[in-house]
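Going by the UniProt record's numbering, the first residue of the sequence shown is number 1, and it counts up by one from there.
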Amino acid sequence: MSIAARSPFARHTRAHHPSCPALSRQRLRTNITVIIIHERTVPCAYMHSGRSPTWYKFEVSSTGYDNPKRIYQMRQLSFASFIVLWSHCHQAVDAQSLSDLATKTFDFVIIGGGTAGSVIANRLTENPKFNVLVIEAGPSNDGVLDIMVPAFAFGLANTAYDWNFTMVPQVGLNGRVLTLERGHVLGGSSSVNGMDYTRGSSDDYDRFARVTGDQGWSWNNLQPYILRCPPADGHNVTGEFDPRVHGFDGINFVSLGSNPLAVDQRVIQTTVDLKDEFPFSLDVNSGKPLGVSWVQSTIGQGERSNAARTYLAPKYRSRPNLHIVLNTFVTRVLPTGVNGPLDLRVVEIASNATGPRIRVTATKEVITSAGSIGTPHILLNSGIGDKADLAALGIKSILNLSHVGKNLHDHPTTSVAFLTIGKDVPTWQTNATVLAENLAQWEANRTGPLVQFLGHHVAWTRIPSNSSIFKQFPDPSAGPNTPHLELTVGRSDGSTISCDVVAVTPTSTGTVKLRSNNPFDDPLIDPQFLTSNFDLFALREGIRTIRRFYSGPAWKGYIVAEIVPGANVTSDDDLNEYIRNTVSSFAHPVSTAKMSPKGASNGVVDPDLRLKGAKGLRIVDASVMPFVTAGHTQAPVYIIAERAADIIKAAW
């Protein structure tokens with residue numbers, strides 16, 4: 001048995017050191033015992049997993065919690081420092097390296113072993129005649145504690161498992177520079193996200209079908225793929241979800257929270273007391289999510305259920321026709337020849353910025369599943385994009401597709417927080433001893449408070465149809481079943497309650513562009529947050545809505561005071577300033593290689609996900625969505641990938 005501090009590699013910033021040899025270190029699978037040596041550990045509930053954890057420290061006057069002299073201080077905290085006792089260590093089943101490949105030619109080459117890429121790899125290799133290579137830029141997910149433990153999702157930002165992207169200064173946010181968390185690990189963002197599983201509304205998919213001209217993308221026609229993720233939970237879930245809208249024989253796990261929270265019953269009571277505005281909705285994934293529902297998450301058997309753990313489980317990775325290389329970057333896709341129609345079946349790869357570049361070939365298709373940032377980055381570096389933009393960087397254009405990297409949608413979010421009377425109740429978020437006990441329980445049998453992430457409930461609401469904003473903007477939602485706002489109600493660490501306020505039908509759109517002609521330079525990411533007044537109005541409405549929720553009878557005597565933005569922040573101008581100074585990304589970028597009708601001049605891919613104007617390349621990831629869904633984007637990516645796999649198999 002050896003004793004080692006948590007590896008400094010876990011805090012390595014890959015974006016700034018793409019050639020770091022640490023990225024090639026093998027992962028270890030372990031049985032883990034943890035001793036906490038940090039005084040306080042606060043992966044707090046105020047910020048979504050795409051943002052840095054925040055702790056609010058309060059000084060309250062003796063005259064009462066509502067004293068205007070109350071102040072709060074925000075300071076950044078990381079997770080606890082751990083001393084890890086590694087026992088019974090053995091190497092995980094690892095993927096191949098470039099040097100291990102016996103051939104450089106495969107039937108299919110999949111760029112990206114993330115959420116979509118893992119699905120495609122699994123489904124294609126069901127056919128033993130298909131030889132498939134998956135190229136993943138990040139390391140393995142095996143044995144990474146912060147990935148395995150659902151409650152530790154906050155510990156993954158700014159690590160080797162995150163691309164550590166930053167955005168350009170945001171004009172609509174007073175010039176602030178934001179981070180954007182994206183999975184840089186096998187399983188992609190399904191390995192680092194907040195695990196929420198929300199399909200969106202039926203209207204979202206019907207709009208996909210309408211704008212692409214392909215009814216196969218409609219809600220009804222996607223049902224076989226929608227039902228492939230089953231709820232898998234050991235507790236009595238009666239009244240928490242509707243089994244009629246779920247399948248039970250899929251690969252991925254989707255579960256409901258198994259550890260009751262003190263505020264759960266107050267949330268449910270609010271759906272009774274304020275039922276006209278906040279009705280109870282039995283299932284967030286029914287296609288009609290409006291109301292307050294129990295959260296469904298990609299958690300199973302006490303661990304995060306990411307795409308690498310499920311779709312690339314050992315029984316699938318042992319298939320002789322599936323090959324995976326890790327820590328390997330795709331620099332470009334290249335034509336197979338110089339004559340005839342453009343045919344893109346060659347992929348250029350490298351282990352680091354200074355290493356040799358190797359080419360692998362797909363005899364059937366290259367499938368780009370690098371995500372809404374990675375996919376346009378690779379296409380643009382390959383000479384596929386706006387010809388003028390490429391020429392300015394000295395990149396030769398091989399296909400003039402002006403919409404590559406355009407139409408970036410993302411969900412902007414801000415927060416509201418309240419102080420409660422439960423401030424002396426120790427929880428794992430605020431007490432190191434409790435965290436140690438909870439972690440020991442999780443390590444022993446995968447149960448306890450660490451088997452869930454934050455709260456159990458979510459509210460989906462619409463802006464009233466008579467709101468003044470609709471005199472300036474048409475309704476951007478996909479239809480009447482579609483919310484404008486997500487409110488993460490009922491998140492509590494015992495002493496505070498927090499709520500993310502998310503604009504899920506944003507009208508601001510942005511871009512992903514190249515910084516240089518060096519494929520190892522991070523792209524310029526500009527979602528142009530809050531450049532549309534609709535989005536600002538929506539977030540303002542969301543803050544006022546959550547205040548009404550927590551003013552209900554169920555919270556009387558329990559909520560003591562509003563911490564942020566503060567009860568005195570009420571005017572449009574004051575709320576606008578608070579929002580512009582606090583908005584961050586909910587880490588749901590989409591639409592940078594969007595679908596459009598076959599033959600249409602706009603868009604990047606046809607409805608069958610083939611790249612317009614070329615043969616041999618298909619895109620399967622969140623970048624193909626024509627619009628962002630009104631919900632978390634993990635579930636739609638699984639759904640899109642499942643259908644895409646059938647489309648690809650049918651073509652061959």
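Every residue, glycine too, gets a C-beta built ideally from N, C-alpha and C. On a predicted model such as this, the values are computed, not experimentally measured, just so you know.
Alpha carbon to alpha carbon, what distance is there between Gly-455 and Thr-270?
15 Å
* To do: Note down, one range per segment and in chain order, each beta strand (DSSP E) of at least 3 residues found wholly within the segment 98-149.
  => 105-111, 132-135
request  = Assuming Leu-342 and Gly-613 form a contact by the criterion Cβ under 8 Å, report the distance between their Cβ atoms to the nearest whole angstrom.
outcome  = 7 Å
message = For Asn-407, which residues in the same chain have their Cβ closer than 7 Å to its Cβ, ignoring the five residues on either side in sequence?
response = Thr-509, Ser-591, Thr-592, Lys-594
For Gln-296, count neighbouring C-beta atoms within 10 Å of its own C-beta (all shown protein chains included) and say buried if the count is 16 or more, exposed if not. buried
Does the beta carbon of Leu-408 sit closer than 8 Å to a beta carbon anywhere in chain B? Within the model displayed, chain B is absent; a lone protein chain is all it includes.
Worksheet item: When the Cβ atoms of the segment 389-403 are set against those of the segment 511-527, are three or more pairs found closer than 8 Å?
Response: yes
With the cut-off set at 8 Å, would you say Thr-310 and Ala-137 are in Cβ contact? Result no, Cβ atoms of Thr-310 and Ala-137 do not sit closer than 8 Å.
| field | Span of the alpha helix (DSSP H) around Val-376 | value | Inspection of the sequence shows that residue 376 is occupied by Pro rather than by Val. It spans 371-381 - the alpha helix (DSSP H) in which Pro-376 sits, taken as one unbroken run.
Q. To the nearest angstrom, how far is it from the Cα of Gly-494 to the Cα of Thr-427?
A. 6 Å
Mapping the DSSP letters down to three states, classify Val-60 as helix, strand or coil. For Val-60, the pLDDT reaches just 30, beneath the cut-off of 50, and the residue's location in the model is therefore unreliable, leaving the point undetermined.
| message | Would Ser-201 and Ala-630 qualify as a contact pair, given that the criterion is a beta-carbon distance under 8 Å? | response | yes
Counting only runs that start and end within the segment 277-356, where is the beta strand (DSSP E) found for 3 or more residues in a row?
291-294, 322-325, 329-335, 344-350
Item to complete: Could you say if the segment 539-553 and the segment 408-418 meet the contact criterion of at least three C-beta pairs nearer than 8 Å?
Response: The segment 539-553 and the segment 408-418 touch, with no fewer than 3 CB-CB distances between them shorter than 8 Å.
Checklist entry - Which one of Ser-601, Lys-615, Pro-597, Gly-616 has the shortest CA to CA distance from Pro-607? => result Nearest C-alpha to Pro-607: Pro-597.
- If you count every other CB in all the chains shown that lies within 10 Å of the CB of Arg-643, and 16 or more means buried, which is it? Buried, by the Cβ-count rule.
Go to Leu-487, then tell me how far its beta strand (DSSP E) extends in each direction, as first and last residue. Taken as a continuous stretch (DSSP letters only), the beta strand (DSSP E) holding Leu-487 covers 485-487.
Over what stretch of residues does the beta strand (DSSP E) that includes Ile-358 continue unbroken?
358-368
Requested in this report: Kindly identify the DSSP beta-bridge partner or partners of Glu-562.
Outcome: Phe-418
Exercise. What is the DSSP secondary structure of Asn-400, reduced to helix, strand or coil?
Worked result: In the structure shown, Asn-400 sits in a strand (DSSP, three-state: E or B).
Where Trp-460 falls: helix, strand or coil (DSSP) = strand
Going along the chain, which residues of its own chain have a beta-carbon closer than 6 Å to the beta-carbon of Asn-220, five neighbours each way excluded? The beta carbon of Asn-220 lies closer than 6 Å to none in the same chain, with the five residues before and after it left out.
Collapsed DSSP secondary structure at Ser-571 in the structure displayed:
It is coil, neither helix nor strand.
*Per DSSP, Ile-525 forms a beta bridge with which residues?*
Met-167, Val-512
Original post:
Do Ala-116 and Val-564 come within 8 Å of each other at the CB atom, strictly closer than that value?
Top reply: Not a contact, by the Cβ cut-off of 8 Å.
- Message: With H, G and I counted as helix, E and B as strand and the rest as coil, what does DSSP make of Ser-591?
- Response: coil
- prompt: Is the distance from the Cβ of Val-360 to the Cβ of Phe-106 below 8 Å?
  reply: yes
Exercise for review: Verify whether the separation of the beta carbon atoms of Leu-173 and Phe-529 is less than 8 Å.
Suggested key: yes
* For Arg-491, collect the residues of the same chain with a Cβ closer than 7 Å to its Cβ; drop the 5 residues on either side in sequence, then sort them by chain order. => If we look at Arg-491 and ignore the five residues flanking it on each side, its Cβ neighbours are Ala-45, Leu-454, Gly-455, Ile-497, Ser-498, Cys-499.
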